[in-house]
Structures are given as C-alpha cells and as structure tokens.
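Numbering (the working numbering), first residue to last: 1 to 268. Cβ coordinates follow ideal geometry from the N, Cα and C atoms, glycine included. Bear in mind the structure is a predicted one, so any value in this text is a computation, not a measurement.
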Amino acid sequence: MMNERLARTDPAPRAVRIAVPLVFGLTLILVWEVMTRAFAVPAVLLPPPSMIWERLTGSTAILWADFRQTYLKGALIGYGLGCGAAFLTAIAIDRSPFLQRGLLPVGNLVAALPIIGIAPIMVMWFGFDWPSKAAVVVVMCFFPMLVNTVEGLKAADRMQADLMRTWAASYWQTMFRLRLPAAAPFIFNGLKICSTLALIGAIVAEFFGTPVVGMGFRISTEVGRMNIDMVWASIAVAALAGSASYGAVVLIERAVTFWHPSVRGSGR
1 MMNERLARTD PAPRAVRIAV PLVFGLTLIL VWEVMTRAFA VPAVLLPPPS MIWERLTGST
61 AILWADFRQT YLKGALIGYG LGCGAAFLTA IAIDRSPFLQ RGLLPVGNLV AALPIIGIAP
121 IMVMWFGFDW PSKAAVVVVM CFFPMLVNTV EGLKAADRMQ ADLMRTWAAS YWQTMFRLRL
181 PAAAPFIFNG LKICSTLALI GAIVAEFFGT PVVGMGFRIS TEVGRMNIDM VWASIAVAAL
241 AGSASYGAVV LIERAVTFWH PSVRGSGR
C-alpha cells in the first residue's frame, strides 16, 4: 500500500523515484525469506536471503578475487576494446560505401553466433587467463555497438547537413559539430547494451576454461559441490556490478545528451 501511494505521486520528486524500487525490492526479499523459512525449502534448491548474506559477508576475499578477475580484467577491458573498435569501424564504414554494403551484413551474421561456440575457440587462441575472456567480450560488444553507431551517424537532419555544406564545412567539421552530437543517443544506447553483455560474456567464457578464480569458475564449481548459497552470492556480486556499469553509462549519457528531448522531457 505504501509503495502504491508512492508510485502514484505526480510529480514525483527524486527521493520518491528512488524509494519505489527500493521498497519493492526489499519487499520481494522479505517474501523470499518468509516463504523459504515457512515451507522449509531445502537450501540446495533455494537458500533464504539471510543465508546468502552470511556467505556474502563471510567470503569477501574470495568474491573480491573473482570480481577482479572477471569484471575488472575480462569484462571492462573487453568492453573498452570492443566498443572503441566498433566506434572507429563505424567511422570507417561511414566513409566507405564498400564497407557499408560489405561489412554490415557479415557483421550481422557474426553477431548471431552463439557465445558457447565462440568461447572455447577464444580459450584455445588466447589461453585460460583473462585475455581469452576479454576476447569473447570484444566479439559480443563489437557488433551491437557498431550497428547503433552506424545508425546514429545517419540521424542528422538533411537540412542541417546541407546548411553545413553551404558554410563550406569539411567532413570532419560536420562530423564533430553535427553528426556525432546527433548520434549520441544511439551511441549511448549501444554502450548501455554492451555494459550488460560484457559481464555476461566474461562469466560464460569462464565456464570453458579459467584459472581457479573468477565468477564463472566459482559458479560452475560451487554448483558441483552443492554450495548453492555461494552460487547466489556470486550471482549477487555480478548483478550489482552489472547494474553499476549500466547506471554509470546512464549518468554519463544524461550529462552529455542533456539537450535531447528524451532527457529533457522525462524530468530526470
């Protein structure tokens, strides 16, 4: 009832917009705890949140090592390399009709390849440590970012582009002063999509070979040992890291594209 009243607040201040998902999430956790305790659900099937919290706080050293291996090394490095390479490739495609007609269809085909088929190959090529995981992330992030950037570069108004030409603006002047600002919402959309794909790719890649550290290694190993509370603790760390990555990109997007109607009109 409290959350219903908060959600109906219009206009809603920032504190209310933050409180609504927090109250809803805490309610779900409370229901989870009560139901698992009341019906004596075996911990091997679904441990209560209190058990997961105990494992989370009691295994900080292990979870930090896994976080550093998977997120800070594999996911972040692959994310930066994949998105950066895709952005530069999109600029090259914009300059070359041959690449636009030849590379994009091939890119769509490669983007459809399953990660479970790519990961073992990357492990064979780059070894069992984090570089192979970063390579999988590069492949996963490259084409979503490429497609969004290419489409964004087409978003500039034709009349504005004609006006730039009447002012004798060069290609790069038009790119930096008109087309890239117009493409910013598309570029950030690609960055947001890839921010979640990067962590997923790094974790799944660790299922196919990794040193004795990493979120994917921890999940696959602890499932075999029936330590499901540790599995959920690793999942919680991954969820928090992925949410923080997405939120950071959103904050940067709001600061850069404050002029866009999607930002101005939302009251954010």
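**Report entry** Between the CA atoms of Phe-126 and Leu-323 - distance to the nearest angstrom
**Finding:** Lying outside 1 to 268, the shown extent of the chain, residue 323 is not represented and no answer is given.
**Report entry** Local Cβ density within 10 Å of Asn-108, reported as buried at 16 or more and exposed below that
**Finding:** Counting the other Cβ atoms within 10 Å of the Cβ of Asn-108 gives fewer than 16, which makes it exposed.
**Report entry** Per-residue DSSP class, three states only, for Pro-48
**Finding:** Coil at Pro-48, not helix or strand.
Query raised in the report: How about Glu-33 and Pro-49: are their beta carbons less than 7 Å apart?
Result: Contact flag set, yes.
**Report entry** Residues near Ala-19 by beta carbon distance below 7 Å, same chain, minus five either side
**Finding:** By the criterion of a C-beta distance shorter than 7 Å, Ala-19 is surrounded in its chain by Leu-6, once the five residues flanking it on both sides are discounted.
Query - Where Leu-269 sits in the DSSP three-state scheme - result: What is shown of the chain runs 1 to 268, which leaves residue 269 out entirely.
Requested in this report: Tell me where the alpha helix (DSSP H) around Val-150 begins and ends.
Outcome: Note, Val-150: alpha helix (DSSP H), 130-152.
Requested in this report: Spatial neighbours of Val-44 within its chain, please: CB distance less than 6 Å, with the 5 preceding and 5 following residues excluded, ordered by chain position.
Outcome: Around Val-44: Met-226, Ile-228.
Report task. Specify the secondary structure class of Asp-10 as computed by DSSP and reduced to three states. Result -> Three-state result, Asp-10: coil.
Report task. Within its chain, find whatever has a CB closer than 7 Å to the CB of Glu-253; leave out the 5 residues flanking it on each side and keep chain order. Result -> These residues qualify, in order along the chain: Phe-188.
Report task. Figure out for me which residue from Ala-183, Val-136, Leu-251, Leu-146 has the closest Cα to the Cα of Gly-152. Result -> It is Ala-183.
Query raised in the report: Met-122 lies in the alpha helix (DSSP H); which residues open and close that run?
Result: Here the alpha helix (DSSP H) through Met-122 covers 115-126.
Query raised in the report: Taking the alpha carbon of Leu-76 as the point to measure from, which residue in Cys-141, Ile-91, Val-256, Val-16 has its own alpha carbon closest?
Result: Per the Cα distances, Cys-141.
Query raised in the report: Beta-carbon separation of Pro-120 and Phe-208 under 7 Å?
Result: The answer is yes: Cβ separation under 7 Å.
Query - Distance between beta carbons of Lys-154 and Ala-202, contact taken as under 8 Å - result: Not quite, the Cβ-Cβ distance comes to about 32 Å (not below 8 Å), so this is no contact.
Query raised in the report: Where does Gly-214 sit, in a helix, a strand or coil, going by DSSP?
Result: DSSP, reduced to helix, strand and coil, places Gly-214 outside both helices and strands of the structure shown, so it counts as coil.
Query - Buried or exposed by the 16-neighbour rule on C-beta atoms within 10 Å, applied to Asp-269 - result: Here the chain covers residues 1 to 268 and nothing more, so residue 269 does not appear.
**Report entry** 7 Å Cβ cutoff met for Thr-70 and Gly-214
**Finding:** Taking 7 Å as the Cβ cut-off, Thr-70 and Gly-214 qualify as a contacting pair.
**Report entry** Arg-95: first and last residue of the uninterrupted alpha helix (DSSP H) it sits in
**Finding:** For Arg-95, the enclosing alpha helix (DSSP H) stretches over residues 76-95.
Requested in this report: Apply the 10 Å Cβ neighbour rule to Ser-170 and answer buried if 16 or more other Cβ atoms are within range, or exposed otherwise.
Outcome: Around the CB of Ser-170, fewer than 16 other CB atoms lie within 10 Å, so the residue is classed as exposed.
**Report entry** DSSP three-state assignment for Pro-42, whether helix, strand or coil
**Finding:** Residue state for Pro-42 is assigned as coil, using DSSP reduced to three classes.
Query - Alpha carbon of Met-35 to alpha carbon of Thr-27, nearest angstrom - result: About 12 Å.
Query - Segment limits, alpha helix (DSSP H) that includes Tyr-171 - result: Run containing Tyr-171: 171-174, per the alpha helix (DSSP H) assignment.
Query - Beta-carbon gap between Val-137 and Gly-80 smaller than 7 Å - result: In this structure, the beta-carbon distance from Val-137 to Gly-80 does not fall below 7 Å.
Report task. Report back the beta-carbon spacing between Ala-90 and Leu-146 to the nearest angstrom; my notes put them in contact at under 8 Å. Result -> With a Cβ gap of about 6 Å, Ala-90 and Leu-146 count as contacting.
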